[in-house]
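Protein chains in written order, with this note's numbering: chain H, 2 to 308; chain X, 1058 to 1327.
For each residue, glycine too, the CB sits at the ideal point set by N, CA and C.
Taking it in order: structure first as structure tokens, then the write-up.
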Amino acid sequence: MIEARGLTKRYPTALAVDDLTFTVQPGLVTGFLGPNGAGKSTTMRLVLGLDRPTAGSVTVGGRRFADHRYPMYEVGALLDAGAIHPGRKAREHLWGLAQSNRIPRTRVDEVLGIVGLDDVAGRRIGTFSLGMRQRLGIAAALLGDPQVLMFDEPVNGLDPEGIVWIRTLFRALANEGRTVFVSSHLMSEMSLTADHVIVIGRGRLIADAPMRELLVRGAASVSVRSPDAARFMPLLVDAGGRVEPGRDGSLTVTDLTSEVIGALAARHGVVLHELTTQSASLEETFFELTNDSVDFHGEVATTRSMP
Amino acid sequence: MSTAIDTRDTPTAGALTPVLRSEATKLRTVRSTVWTLVATVVATVGIGTLLSLARVSRWDQLSLRERLSIDPTAISLRGVFLAQLAIGVLGVLVISAEYTTGMIRTTLTAVPHRRMLLFAKAGVFTVVAFVVSTIAAFIAFFAGQSVLAGKNADVALSDPGVLRAVLGAGVYLTLIGLLGLALATLLRRTAGAIATLFGLVLVLPALVDALPSPWNTDVGKLLPINAGRAMFTVRPNSNLLSPGGGLVALLVTVGVVFVLAVVAIERRDA
């Protein structure tokens, strides 16, 4: 569990984090969303005690990060895959880190296996691709088998196979009851990974809600293609949807979720050729959220107070 | 795997051991460590031997007064002036490489207790630098004396002040490296720290020398390089402090910069 209370970081030129209060719960993958420069990395640095907060506090597992004697057993973090000495060999790099927390040598080979770097463990890190460095950083984060894991933009630089792998890993870690906190500036990526999202913009909290809620809210448009479009359109309107027929015969439906539309089609025996939640609208939601922070802040707060 | 370990304790002195082990591994596993240490030994031994050879080859042309005024120990240890560049660079790299590569952020997520981290780095470096520098000083001494023996100009390790001078050379090199480490902690840049270190060691003496007498010698004595010369010179020299005085002057200089480094690493964002 990560708990931030009134967390604030003011740099000489900018207010990077502005009175953030949030809790990251165990057993879930929590996405940390915001445009570039929103303060995500700074917040993560504050969690790890790399930067000192101007005001407020943040604890991991109930105490300040720096108060953990062997923090790698508590928190595993990957902030920057490049923050590594390129001259060291991968296994040596991990062994040096492991020793500082009395982690046994066997664990180094274990984590190298988990991330699939066993074959290149004897190579200098300088020869690694960005994707391999990401994997090495994840290996380092897993060394202490910690309850809390934190990753800053972990998908960057990974190939499609790596992206699937990392999503599966996050899911597995959360299913084991761990706290998984993952930042991204891509809403679509988070929609595939996260159970819960914390959205910030210009250092301020914009939304703190289950992913499902944001998806419903954001997925205002569903693309429907049907040979019975003419019959289906009034049914959709009756159900409360707004329907816009497209030039290619498809319908763009807003204010109804794909689930509701699918059920409606089934009930009336309408054949569907396509039923797609427009992924672009996710990015639009995010864009709206981060641009129009004040409005949405109130809305989400209301939603959350409902049972 | 973590069952036997109490992670709830706040950091104490007992926690230093794993950090020392970690830093020893980190020092061992970068190539620059090997190169700078090899350079330290080669410079100390090579220059000492060459200068001894030069002295012997010109021996027959030297006047009696010149022959009597030479300090065979100091000649054989003169390579320290070059070796301090190598060991100083290693001292700088021990911490500046962490900052320039960003590794410091990974390191601090494993060891958030910054003062302990700095002490562990300094501790490991001190042991390695002292062992290598002292071995280099002994080799240089024996090599130099065996050359000077050709003209019966050599001294023995058991002669007054000689063993102290050879050990003094090892201590001097170690302290110059530590000064580099402390400066690099303050400046967080490799080039800046190396420039500052050699500004202090090599350039500042030339500037102080331009001061009017007696300031030039009074202040000059306290500078690292002259404090070092006092430590590895056997023949008394009125422009230098006593060997013990030289050691104290150098320890004070290194100590002050190190205290500033501790304050800086604890207070700054990483």
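Membership of P246/H in the beta strand (DSSP E) is indicated by the continuous run 243-246. DSSP, read as helix, strand or coil, puts R1246/X in coil. CA-to-CA, the gap between T1247/X and R1088/X works out to about 16 Å. Assignment of beta-bridge partners to H197/H by DSSP yields T31/H, P211/H. Residue pairing from DSSP leaves V1146/X without any beta-bridge partner. Note: I1322/X is not bridge-paired with any residue in the DSSP secondary-structure output. If you check the CB distance, T1082/X and W166/H do not come in under 8 Å.
Counting the other Cβ atoms within 10 Å of the Cβ of A91/H gives 16 or more, which makes it buried. Think of a sphere of 8 Å around the beta carbon of P87/H: the chain X residues whose beta carbon falls inside it are T1158, in chain order.
Note that the C-beta distance between L1240/X and V1137/X is not below 8 Å.
When rounded, the separation of the alpha-carbon atoms in Y1229/X and R1286/X is 9 Å.
The beta-carbon separation of D196/H and L29/H, rounded to 4 Å, stays under the 8 Å limit for a contact.
Using beta-carbon distances, D153/H does not count as an interface residue toward chain X, since no partner is under 8 Å. With respect to the C-alpha of T43/H, the residue from E214/H, V223/H, I201/H, S224/H having the closest C-alpha is I201/H. At a cut-off of 8 Å, the C-beta of F33/H has no neighbouring C-beta in chain X. The beta carbon of T1093/X does not come within 8 Å of any beta carbon belonging to chain H, so the residue lies off that interface. Between the C-alpha atoms of G83/H and T1274/X there is a straight-line separation of about 49 Å. E1123/X sits exposed, since fewer than 16 C-beta atoms from the chains shown fall within 10 Å of its C-beta. Each of A5/H, V25/H, T31/H, D146/H was checked against the Cα of M188/H, and the nearest Cα belongs to T31/H. Judged by beta-carbon spacing, V1151/X lies within the 8 Å limit of L1238/X, meaning their Cβ atoms are closer than that value. By DSSP's assignment, S58/H forms a beta bridge with R6/H.
Excluding sequence positions up to five before and after V1168/X, its CB lies within less than 7 Å of the CB of V1076, L1174, all in the same chain and listed in chain order.
Residues A82 of the same chain have their beta carbon placed closer than 6 Å to that of R134/H, with the five preceding and five following residues left out of the count.
Among the bridge pairs identified by DSSP, L16/H is matched with R11/H. In the three-state reduction of the DSSP assignment, T1274/X falls in the helix class, which pools H, G and I. Distances from the alpha-carbon of P1300/X to those of V1091/X, P1269/X, V1223/X, S1133/X put V1223/X closest.
Cβ-Cβ distances below 7 Å link F1195/X to V1223 in the same chain, with the five nearest sequence neighbours on each side left out; the list follows chain order. A distance below 8 Å separates the beta carbons of V116/H and R136/H. Shown here is that no member of the stretch 1290-1316 of chain X has a Cβ falling below 7 Å from a Cβ of chain H. Counting along the chain, the unbroken alpha helix (DSSP H) around R106/H starts and ends at 106-115. With contacts defined by Cβ atoms closer than 8 Å, L1205/X and V1102/X do not form a contacting pair. Closer than 8 Å to the CB of S1079/X there is at least one CB belonging to chain H.
At a cut-off of 8 Å between C-beta atoms, T1242/X does not count as an interface residue with respect to chain H. Think of a sphere of 9 Å around the beta carbon of T1086/X: the chain H residues whose beta carbon falls inside it are H86, G88, R89, K90, E93, H94, W96, G97, in chain order. Contacts with chain X at 8 Å (Cβ-Cβ) do not include F129/H. Using a Cβ distance threshold of 8 Å, D1211/X and L51/H do not count as a contacting pair.
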